[in-house]
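Going by this note's numbering, the sequence shown opens with residue 311, and the numbers climb by one from there. All C-beta atoms in this analysis are idealised placements derived from N, C-alpha and C, irrespective of residue type, glycine included.
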Amino acid sequence: MKRTTGIRRLLVMLGFPLILVVQGGCALQPASSNRSLEVPEKRVLASDPAELWPQEVLGGKALYDILLAEIAGKRGYIGVSSRHYIAAALASQDPRLSARAMRITLYAREYAAALKVAKHWIALQPDNPELRRSLVYLSMRTGQGDEALEHLVYLLKTAENRDEVYQGLQDILSDSDPLLVMELMAGLLELFPQDASAHLMYARVSLQSELYVLAQEHAQQAMMLRPQWEDAIVLSIQAQIGAGKKSQALEELMLALKRLPDSLVLHRFYGQLLMLDKQLQAASEQFLWVLSRQPEDADSLTALGLFALEDKRMEVATGYFARMMALKNSARFNAYYYMGLVAQKSGQGTQAEQWLEKVTQGKFRVEAIIQRAALLQQRGALTEARNLLRGMGKEQPQAIRRLLIVESGLLMRAARYEDAIDVFSQGLGRWQNDLTLLYGRAEAAMQAGQVKRAEEDLKAFLELRPEDGSALNTLGYLLLEKTDRYQEAFIYIERALALMPDNQAVIDSMGWAYYRLGNYQQALEYLQQAYAITAEAEIAAHLGEILWMLERQQEAEQIWRDSLQQFPDDPYLQEVMQRFLP
311 MKRTTGIRRL LVMLGFPLIL VVQGGCALQP ASSNRSLEVP EKRVLASDPA
361 ELWPQEVLGG KALYDILLAE IAGKRGYIGV SSRHYIAAAL ASQDPRLSAR
411 AMRITLYARE YAAALKVAKH WIALQPDNPE LRRSLVYLSM RTGQGDEALE
461 HLVYLLKTAE NRDEVYQGLQ DILSDSDPLL VMELMAGLLE LFPQDASAHL
511 MYARVSLQSE LYVLAQEHAQ QAMMLRPQWE DAIVLSIQAQ IGAGKKSQAL
561 EELMLALKRL PDSLVLHRFY GQLLMLDKQL QAASEQFLWV LSRQPEDADS
611 LTALGLFALE DKRMEVATGY FARMMALKNS ARFNAYYYMG LVAQKSGQGT
661 QAEQWLEKVT QGKFRVEAII QRAALLQQRG ALTEARNLLR GMGKEQPQAI
711 RRLLIVESGL LMRAARYEDA IDVFSQGLGR WQNDLTLLYG RAEAAMQAGQ
761 VKRAEEDLKA FLELRPEDGS ALNTLGYLLL EKTDRYQEAF IYIERALALM
811 PDNQAVIDSM GWAYYRLGNY QQALEYLQQA YAITAEAEIA AHLGEILWML
861 ERQQEAEQIW RDSLQQFPDD PYLQEVMQRF LP
């Protein structure tokens, strides 16, 4: 008895409320965290059922599992925490503990384990609609389409509003295997052939899979079952555009606007099409029309604000974004991000940081952090920038790869090449053979003078993508500059040139390869060709050196001095000139 009391005291000391402690968020994160915007638990678990079930008195084993799970979680051992919570949940008849275990397993992306817990939970609460949504999501993520269909059918048959079920379904299916999604929708239509929303959902997933004919077919079916349905009209037009039938699509849109002249949806969609076609004035007219009837339309305010920002009409842009900030929905967080862009374009870095700091949720959450980190690096606060990126990685684990790449880029910009290599290596430890990380580490290694590592990474990259002209050229140029293996370098550059015959960098490399091999006349031809495309500093340095070796010193000196006027701080050009013009 004393042991149980001690466990309870420890649980409370750990901040774990005693009665299974199923609070709003995962204890592995602060309650104020916004990671729920991206982590899948939020898609399927909106609330805990604490008030729906009587308190259960847990046995010692379950309490020990909870204690170990909490300790492991606080120390960052998510897998260990997940296993112990699963054990506690499966031994209990209390759904609050199942909810807790589901949150941990979803946070850890352990979908099979989460599905196991969900099946246990649904036996306790078979009428829980949010749990049914969880089961659809988890069944799809684990490749069990038949089970997903079973739970989806239950939701549709018991729902007061089927459209709401379909709206939630689109988000749930976004991470699933497209083929499995198509099979799910086909099975659904067999059961509900006269459901317009089912046809529209099928059209949506077909469009996402670029099956444009199928998408249009089901969009048309939806319109037949529900005439003048704006969403179906829009999707039909999108399918036609995807299939390359732009003129027919626009004709259908014009006819729809004649039938439904007051449709905000269609006018807004027309504005978006015009915007994509770069007809900005005509697009603005459509968005202004929408705003004249619905002044709080966030999409139209966004479009008009961005048009003004593009035209450098900062006051006009600020006016539209200010209207967005007044809205009582998530659009205001987008507006904060856009205001940050306005401040950046106006050269107001500090103000930009302040706006971006307000983006605490929404689709620009990660992007705002990246922009803030870049601004911090620009003013010399690199450590703070790195901490900001690392913090976001903990908040939104699915963004870690991108954040590591950004962090490495900031380090490269600050000439911290060794540190950049370490960050790239950290990423490669998790995402082996990732092409972006491999190439990035090779670039950092070249800058750090680590020729062997750079060569190894570039060769590993080319094993995965042997026809990448840029990588072939980079490897060849590395061997030209840092080794005496000129013939081997020539072979790589020759392959790159065959793939990218008009690429200036490759043409320059070929000229430099001929120079290293002693064929000055061939070298001159390629370098003059590269210089004619753009008179960049490094190409000017190469061309001048060739001319000097051909005893055309006056031409060489003139090219160098012309280039120095344009690129006075280029270190490579300066080094060459100091070598030949002491």
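query, result
"Same chain, Cβ closer than 7 Å to Val716, neighbours up to 5 away in sequence not counted", "Ile680, Ala683 and Leu699"
"Alpha-carbon to alpha-carbon, Asp505 and Ala613", "34 Å"
"Assigned secondary structure, Lys371 (DSSP; H/G/I helix, E/B strand, else coil)", "helix"
"N-terminal and C-terminal residue of the alpha helix (DSSP H) that Val761 is part of", "Val761 to Leu774"
"Alpha-carbon spacing of Trp363 relative to Leu465, whole angstroms", "Legend: pLDDT at Trp363 = 38, less than 50; position of this residue unreliable, no value from coordinates given."
"The alpha helix (DSSP H) enclosing Val669, as first and last residue numbers", "Per DSSP, Val669 belongs to no alpha helix (DSSP H) and is neither H nor E."
"Gly759 beta carbon less than 7 Å from that of Ser718", "no"
"6 Å Cβ shell around Leu686 - same chain, five flanking residues per side excluded", "Glu694 and Ala695"
"Run of the alpha helix (DSSP H) containing Thr415, from where it starts to where it stops", "Pro405 to Tyr417"
"Backbone CA spacing between Tyr512 and Glu520 [nearest angstrom]", "12 Å"
"Ala822 (DSSP reduced to helix, strand or coil)", "Rather than Ala, the amino acid found at residue 822 in this sequence is Trp. DSSP places Trp822 in helix when its eight states are reduced to three."
"Inter-residue spacing [alpha-carbon to alpha-carbon] between Glu902 and Ser735", "With the chain running from 311 to 892 in the structure shown, residue 902 is simply not present."
"Assigned secondary structure, Val331 (DSSP; H/G/I helix, E/B strand, else coil)", "For Val331, the predicted structure reports a pLDDT of 32, less than 50, and the residue's modelled location is therefore unreliable. A value from the coordinates is still provided. Coil, per DSSP."
"Exposed unless 16 or more other CB atoms sit within 10 angstroms - verdict on Asp456", "exposed"
"Asn471, buried or exposed, once every other Cβ within 10 Å from all chains shown has been counted against 16", "exposed"
"Inter-residue Cα distance where the pair is Ala725 and Tyr882", "16 Å"
"Touching by the beta-carbon criterion (3+ pairs, under 8 Å), the segment 546-553 and the segment 520-532", "yes"
"Residues of its chain near Glu848, where Cβ-Cβ distance is below 8 Å and the 5 sequence neighbours each way are ignored", "Asp818, Asp880, Tyr882 and Leu883"
"3 or more residues per run - each beta strand (DSSP E) lying fully within the segment 652-715", "none"
"Within-7 Å CB hit, Tyr647 to chain C", "You won't find chain C in this structure, because it holds only one protein chain."
"Rounded Cβ spacing between Ala806 and Leu782 (contact assumed at less than 8 Å)", "4 Å"
"Segment limits, alpha helix (DSSP H) that includes Asn783", "Gly779 to Lys792"
"Length of the line joining the Cα atoms of Ile396 and Leu373", "12 Å"
"Cβ-Cβ distance between Phe771 and Leu747 below 7 Å", "no"
"Boundaries of the alpha helix (DSSP H) in which Gln454 is found, first to last residue", "Run containing Gln454: none; DSSP gives neither H nor E here."
"Simplified DSSP assignment, three categories, for Pro359", "Unreliable placement is indicated for Pro359, whose pLDDT of 41 sits below 50; the coordinate value is still reported in the next sentence. Looking at Pro359 - three-state DSSP - the assignment turns out to be coil, as it is neither helix nor strand."
"Per-residue DSSP class, three states only, for Asn471", "coil"
"Glu420, DSSP secondary structure in three states", "coil"
"Alpha-carbon to alpha-carbon, Gly690 and Gln863", "43 Å"
"Classification of Glu846 by the beta-carbon crowding that lies within 10 angstroms, buried from 16 upward", "buried"
"Closest residue to Gly383 among Gln797, Ser640 and Ala418 (Cα-Cα distance)", "Ala418"
"For Leu598 and Ala636, the rounded distance between their alpha carbons", "18 Å"
"Sequence-distant residues of the same chain with beta carbon closer than 6 Å to Ala678, five excluded per side", "Tyr647, Leu666 and Val669"
"Heavy atom of the ligand NAD within 6 Å of Gly453 beta-carbon", "Absence of the ligand NAD is noted for the structure shown, with no ligands found whatsoever."
"Proximity below 7 Å, CB of Val575 to CB of Glu540", "yes"
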